[in-house]
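FYI, the numbering for the sequence shown is 95 to 139, going by the numbering used here. Where is the CB? At the ideal position from N, CA and C, for every residue including glycine.
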Amino acid sequence: MTLAELEARHIARVLAHTSGQIGAAAEILGIHRNTLTRKMKEYGL
95 MTLAELEARH IARVLAHTSG QIGAAAEILG IHRNTLTRKM KEYGL
């Protein structure tokens with residue numbers, strides 16, 4: 095498993111935990127919501 099795959103899986107789990115609320119997921123992940131949105135597009139989430 096690559097680091098990118100691990101990151102994508104972690105983001106998906108956090109999004110599921112927050113019922114898809116990007117702001118809440120970004121806060122949990124400790125990143126800005128724009129960064130999360132970019133990563134979601136990058137990983138096809």
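Proximity to residue i [Cα-Cα], best of the options
i    : options                : result
I116 : E101, R103, M134, L100 : M134
Per-residue DSSP class, three states only, for residue i
i    : result
M95  : coil
I125 : coil
Through-space distance from residue j to residue i, alpha-carbon basis
i    : j    : result
L97  : E121 : 21 Å
I105 : L123 : 8 Å
S113 : H126 : 18 Å
N128 : L100 : 20 Å
A119 : V108 : 6 Å
Nearest-angstrom beta carbon gap, residue j and residue i [assumed within contact, 8 Å]
i    : j    : result
L130 : A102 : Not really, about 12 Å apart at Cβ, beyond 8 Å.
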